[in-house]
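**Student:** Provided herewith is a single structure, encoded as structure tokens, for subsequent inquiry.
In this note's numbering, the protein residues as written are 9 to 614.
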């Protein structure tokens, strides 16, 4: 064990000793332009423990760790930034007050969300993820609305650090690089690199993209464990990729644990993203400092950048508040110092002095249900409509079979499908390696197969399955409904009808069934070239020929107004007015309520 440790120490000394010395005076990233006496004086007055803590960025899941420990951890200088998941908004805000109260230096507060912050918290309602954003140009009105709401959520919850997938930056997207928070880019894939026996370098497309992002003011890059393992990258190669090839002088953050922390710092990483518990990494760095492996110079280079970033954030916030105060003075209106979110989606702001109450109102899941539906409709893509099969017509002529690839529940899809037609169901499961056996379905007259898949289909791995699907399409109509990233469509062609949704959830399942029958229309276009069959911009619309199933808000009816229907129907059945009934409420071509009560007759047999 001692030999192993000494070997690691010697290797680290070589890495640190051979690394290129970098001046503290940088100017190619916005926060590095900050010149502040506070940065210099704070750095000089910090203890070693305080400096080490500033290099740790905590990624905390409230479902896995007791978040009540965080105030004590920050009081002990164990971390300088944190991202909190899976706790109520109110609990987050209370914790924020404690963290800022106990910390001499304000922490970085982060998010991995892209569309809205709701998914980061419990009880706030689910909203689409970043994949959906790729289907909207930055000039789209719906995207513009979501970005406005998102930026106000960031301000209301004091979140100042965001991690966004590199896939979102394939084009100029100024709205994703809005001022006021630090934007880190994550999600680099193995295809971004070209590797030889002992060298790794960016391919030309990725290199141009990353240089452009630097010029547009990106704060830094996140290096994931997966990226390093997939490409067998050493810390020295990470330093070469980012510091030498890109000449990037901003913050580099990497996923880290107790073992990898020191090698990553030797690879010129500045911040260590640590899961749940900072103590093992903190102790490892402190021991390295006391043993002489980690020098004051190495600490100061990194901490100075972190402090510059935090000072830049403070100045940005100050400028926003001054502008808001000036606008308030000119308009003779009160300025809300608490940072309460402005009204969104037409909702009036309540007359309250509590920032917590007002912010929680804007995370109420009922506010986002209609917005979610619009996002999913506009990101659903009909890639090919073979023989103009969709929307289904003459339903009495056909027999429908649902073939589900994989064991994920399709309950919502089947429930929506049953509103329009009967069906049979078949689950085709993969083995432990993810390989599918032969798909054999005997032909039946008038049969239409609807194949649903919630994964990427690969030519090599899924060659048998793809061949069987093509064979299936020779003697019947086949519709493939694909849920997931658009890159998962690369192995497909125009053998059958293909309908694509970027996410798999209850809303997209229900919407998929409605599209099949003409209750809704796919409105999306492919944002990228997928293959020779499916170029960028492809996407067919369909006529809406049948009633849709919508939420009440879509037709301007508050859900609470429908609550009394259940009681009325049950009361009438109890009084013997009728044995049972089917209640349907429809408006503007959409069914917003449909429920059956009681029995067919008074015998209660069926």
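Glycine residues also receive a C-beta, built at the ideal position from the N, C-alpha and C atoms.
Using only CA atoms, which one of 446, 594, 90 and 591 lies nearest to residue 281?
**Tutor:** The shortest C-alpha separation from residue 281 is found at 90.
**Student:** Which residues mark the beginning and the end of the beta strand (DSSP E) in which residue 600 is found?
**Tutor:** Here the beta strand (DSSP E) through residue 600 covers 598 to 606.
**Student:** Pick out the complete alpha helix (DSSP H) segments inside the stretch 428 to 495, 4 residues or longer, and give them in chain order.
**Tutor:** Whole alpha helix (DSSP H) segments, 4+ residues: 471 to 480.
**Student:** What does the alpha-carbon distance come out to for the pair residue 394 and residue 179?
**Tutor:** Straight-line Cα distance between these residues: approximately 32 Å.
**Student:** Which residues in the same chain have their Cβ closer than 8 Å to the Cβ of residue 569, if we skip the five residues on either side of it in sequence?
**Tutor:** So the qualifying residues of the chain are 560.
**Student:** DSSP puts residue 92 in a beta bridge; with which residues?
**Tutor:** BP columns for residue 92 point to 68.
**Student:** Apart from the five residues on each side of it in sequence, which residues of its chain come closer than 8 Å, Cβ to Cβ, to residue 289?
**Tutor:** So the qualifying residues of the chain are 64, 264, 265, 266, 269, 280 and 282.
**Student:** What residue does the alpha helix (DSSP H) around residue 60 start on, and which one ends it?
**Tutor:** Here the alpha helix (DSSP H) through residue 60 covers 56 to 62.
**Student:** DSSP on residue 376, reduced to helix/strand/coil?
**Tutor:** Looking at residue 376 - three-state DSSP - the assignment turns out to be coil, as it is neither helix nor strand.
**Student:** Looking at the strands, I want to know which residues DSSP matches up with residue 508.
**Tutor:** Its beta-bridge partners are 389 and 490.
**Student:** Taking C-alpha atoms, which residue in 538, 528, 516 and 321 lies nearest to residue 464?
**Tutor:** For the residues 538, 528, 516 and 321, the minimum Cα distance to residue 464 belongs to 538.
**Student:** Hey, quick one: how far does the alpha helix (DSSP H) through residue 172 stretch, first residue to last?
**Tutor:** Here residue 172 belongs to no alpha helix (DSSP H); instead the beta strand (DSSP E) covers 169 to 173.
**Student:** Should residue 412 and residue 405 be called a contact, given that it needs their Cβ atoms to be closer than 8 Å?
**Tutor:** Their beta carbons are not under 8 Å apart, which means residue 412 does not touch residue 405 by this criterion.
**Student:** Between residue 135 and residue 380, how many whole angstroms is the CB-CB distance? I'm expecting something under 8 Å.
**Tutor:** That belief holds up - the Cβ atoms of residue 135 and residue 380 are roughly 6 Å apart, short of 8 Å.
**Student:** Please state the DSSP three-state secondary structure of residue 34.
**Tutor:** Caution applies to residue 34, whose pLDDT of 41 falls short of 50 and renders its modelled position unreliable; the value that the coordinates give is listed next. Three-state DSSP puts residue 34 in coil, outside helix and strand.
**Student:** Tell me the DSSP bridge mates of residue 412?
**Tutor:** DSSP lists 435 and 460 as partners of residue 412.
**Student:** Could you check whether residue 246 and residue 275 sit closer than 8 Å to each other, using their CB atoms as the reference points?
**Tutor:** Yes, they are a contact pair.
**Student:** On the CB-based measure, 16 or more other CB atoms within 10 Å of its CB, does residue 442 come out buried or exposed?
**Tutor:** Exposed, since its Cβ has fewer than 16 Cβ neighbours within 10 Å.
**Student:** So if DSSP puts residue 193 in a beta bridge, which residue, or which two residues, is it bridged to?
**Tutor:** DSSP, once it has assigned bridges, lists 172 and 229 as partnering residue 193.
**Student:** Find the nearest neighbour of residue 603 within the set 597, 584, 515 and 578, judged by alpha-carbon distance.
**Tutor:** Of the candidates 597, 584, 515 and 578, the one whose C-alpha sits nearest the C-alpha of residue 603 is 578.
**Student:** Is it the case that the stretch 228 to 248 contacts the stretch 193 to 200, given that we only count it when at least three CB pairs across the two stretches are under 8 Å?
**Tutor:** Touching, yes.
**Student:** The beta strand (DSSP E) that contains residue 403, what's its start and end?
**Tutor:** Premise fails: residue 403 is in no beta strand (DSSP E) and is neither H nor E.
**Student:** For residue 249, write down the residues that DSSP places opposite it in a beta bridge.
**Tutor:** According to DSSP, which records beta bridges pairwise, residue 249 is partnered with nothing at all.
**Student:** Quick check: what's the CA-CA separation for residue 382 versus residue 546?
**Tutor:** Their backbone Cα atoms lie some 19 Å apart in a straight line.
**Student:** By how many angstroms is the C-alpha of residue 194 removed from the C-alpha of residue 95?
**Tutor:** One C-alpha to the other measures close to 24 Å.
**Student:** Nearest-angstrom Cα distance between residue 529 and residue 432?
**Tutor:** So the alpha carbons of these two residues sit roughly 24 Å apart.
**Student:** Quick one: using the 10 Å Cβ neighbour count with 16 as the cut-off for buried, is residue 318 buried or exposed?
**Tutor:** With 16 or more Cβ atoms within 10 Å of its Cβ, residue 318 is classed as buried.
**Student:** Helix, strand or coil for residue 208? Go by DSSP, reduced to three states.
**Tutor:** In the structure shown, residue 208 sits in a strand (DSSP, three-state: E or B).
**Student:** Please state the DSSP three-state secondary structure of residue 257.
**Tutor:** Residue 257 falls in the coil class under three-state DSSP.
**Student:** CA-CA distance, residue 457 and residue 527?
**Tutor:** Going by the C-alpha atoms only, they are around 19 Å apart.
**Student:** I believe residue 306 touches residue 273 by the beta-carbon criterion, under 8 Å. Please report the beta-carbon distance rounded to the nearest angstrom.
**Tutor:** That pair is a contact at about 7 Å.
**Student:** Kindly identify the DSSP beta-bridge partner or partners of residue 548.
**Tutor:** In the DSSP output, where bridge partners are listed per residue, residue 548 has 390.
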